[in-house]
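The structure under discussion appears below in the form of structure tokens.
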Amino acid sequence: MHTVAVLSLKGGVGKTTVALGIASAALRRGTRTLVGDLDPQGNATATLDPPLTDATLADVLETPRLAVINRAIAASSWSDRLDVLVGAEELELLNEPGPDSRRMENLARALDELRAAPRGEPYELAILDCPPSLGRLTRSALIAADAALLVTEPTMYAVAGAQRALEAIEAVRAEHNPRLRPAGVLVNRLRVRSYEHQYRVEELRESFGRLVMPTAIPDRLAVQQAQGACTPIHEWNSPGAQEIALTFNMVLAKILRSNRAGRHRLSSDEPDVPSDNETTSEFPAIRAFAEHETG
Ligand SMILES: Nc1ncnc2c1ncn2[C@@H]1O[C@H](COP(=O)(O)OP(=O)(O)OP(=O)(O)O)[C@@H](O)[C@H]1O
Ligand SMILES: [Mg+2]
């Protein structure tokens with residue numbers, strides 16, 4: 001089970017949209033997938049609309065046992081090949097800093113249990129939709145993840161925000177989870193005709209090189225329409241939806257490819273992210289990743 005955390009420093013940039021877009025692409029591809037909703041707002045859960053469960057992710061973070069995680073998972077209304085580890089408002093209480101840092105590892109523990117004893121066909125992919133902060137819930141996701149996908153809008157603060165998020169990823173990698181790697185920086189809500197947006201994407205590329213995903217998600221009304229109807233974007237019938245769906249296919253392919261390359265690299269010298277301008281990046285977090293990637 002390849003586990004991807006979808007995060008950003010800022011709220012409302014499209015984490016849930018991206019998590020659900022990747023889930024929709026996975027569904028189209030026949031990939032058995034679990035979406036974990038770490039956001040107390042529960043937007044991913046609301047859109048995937050599973051039946052009521054008698055436990056939630058908040059219970060899993062308290063008690064990381066197989067029986068509890070199994071009670072917190074239900075099939076989504078999209079398909080019985082796409083399940084939800086349901087979110088809840090009570091998660092907010094677990095986002096607070098506190099003395100018990102061991103609890104941050106509980107999601108990783110619970111997902112390990114699920115890996116060891118899958119219910120039915122094992123999940124190939126788990127997507128963790130994070131809340132809009134780098135607090136404990138996001139860190140729980142990073143500790144449980146193999147890869148972290150950063151979402152950003154092409155705005156003035158994008159570089160600084162992505163830099164801080166990459167530093168948080170690097171801190172979790174160093175302290176808790178050596179297998180964690182950045183899946184990339186994904187630009188969302190791009191308006192291709194906007195000079196300002198093009199400029200900001202260039203700025204991101206100059207700062208983060210190939211960590212910036214080659215495909216950006218365009219700004220399209222179809223995203224909101226499909227979400228409002230609780231429908232996967234791949235099933236929404238409009239040219240805008242098709243464009244977005246294709247983009248998410250590419251994002252999913254890149255995530256799965258880099259997973260395979262990551263595993264392959266354990267037995268070869270081939271770097272996944274050649275670190276031409278990244279090793280010399282002015283950002284320590286990126287240098288650390290580049291060194292980790294090639295080292
Ligand atoms: N590419 C897009 N085109 C059009 N609308 C979009 C796009 N991406 C996101 N949106 C809209 O922007 C709003 C915020 O998106 P979303 O909920 O995915 O952000 P988020 O980062 O998960 O927010 P939060 O931080 O509150 O969890 C939603 O109404 C969503 O439909
Ligand atoms: Mg969200």
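Numbering (UniProt numbering), first residue to last: 1 to 295. We put the CB at the ideal spot given by N, CA and C, even for glycine.
Chain-order list of residues whose beta-carbon lies under 7 Å from that of residue i (same chain, five-residue window excluded)
i, result
"V172", "R139, L142, I143, L180"
"residue 296", "No statement about residue 296 is possible, as the shown extent of the chain runs from 1 to 295 and does not include it."
"W78", "L27, L48, P232"
"A75", "P50, D83"
Heavy atom of ligand 2 within 7 Å of residue i beta-carbon
i, result
"N95", "no"
"K10", "no"
"D39", "yes"
"D146", "no"
"D129", "yes"
"T152", "no"
"T138", "no"
"N43", "yes"
"T16", "yes"
Check: residue i C-beta below 7 Å from any heavy atom of ligand 1
i, result
"P132", "yes"
"I217", "yes"
"residue 303", "Residue 303 is absent from the structure shown; the chain starts at 1 and stops at 295."
"G161", "no"
"R189", "yes"
"G87", "no"
"Q224", "yes"
"V13", "yes"
"N220", "Note on identity: in this sequence residue 220 is Arg, with Asn being the wrong assignment. Because some heavy atom of ligand 1 lies under 7 Å away, the Cβ of R220 counts as near it: yes."
"Q198", "no"
C-beta neighbour in chain C for residue i, strict 8 Å
i, result
"A147", "Absent from the structure is chain C; it holds one protein chain and no more."
Close-in-space but distant-in-sequence residues of the same chain around residue i (CB under 6 Å, 5 per side omitted)
i, result
"Q242", "none"
"A25", "F248, N249, L252"
"A162", "L150, T152, V185"
"G21", "I233, F248"
"L111", "A144"
Proximity of residue i and residue j at Cβ, strictly below 8 Å
i, j, result
"N259", "A147", "yes"
"T3", "A145", "yes"
"G87", "P40", "yes"
"L48", "L91", "no"
"V187", "V201", "yes"
"L66", "L94", "no"
"T53", "Y123", "no"
"R165", "L9", "First, the amino acid is wrong: residue 165 is Ala here, not Arg. Yes, these two residues count as a Cβ contact at 8 Å."
"P178", "L211", "no"
"I127", "A23", "yes"
"P137", "A168", "Per the sequence shown, residue 137 should be read as Leu rather than Pro. Cβ atoms of L137 and A168: not closer than 8 Å."
Residues near residue i in its chain [Cβ-Cβ closer than 8 Å; skip 5 each side]
i, result
"V192", "Q198, P218"
"Y157", "K10"
"E113", "P64, R65, L66, I69"
Anticipated Cβ contact below 8 Å, residue i with residue j, distance rounded
i, j, result
"G14", "R189", "6 Å"
"L125", "L85", "The pair is not a contact, with the Cβ atoms about 13 Å apart (cut-off 8 Å)."
"E83", "V6", "Note on residue identity: the sequence assigns Asp, not Glu, to residue 83. Rounded, the Cβ-Cβ distance is 17 Å, inconsistent with contact."
"G12", "E89", "Not really, about 18 Å apart at Cβ, beyond 8 Å."
Inset, instruction - Jot down the residue ranges of each uninterrupted alpha helix (DSSP H) in the stretch 19 to 48, minimum 4 residues, whole runs only, in chain order. - result: 43 to 48
Legend entry - Whole beta strand (DSSP E) elements within the stretch 155 to 184, 3-residue minimum: none
Inset, instruction - Only counting runs of 4 or more residues, tell me where the alpha helix (DSSP H) segments fall wholly within the stretch 123 to 147, in order along the chain. - result: 136 to 144
Legend entry - Complete alpha helix (DSSP H) runs within the stretch 202 to 249 (minimum length 4 residues, chain order): 221 to 228
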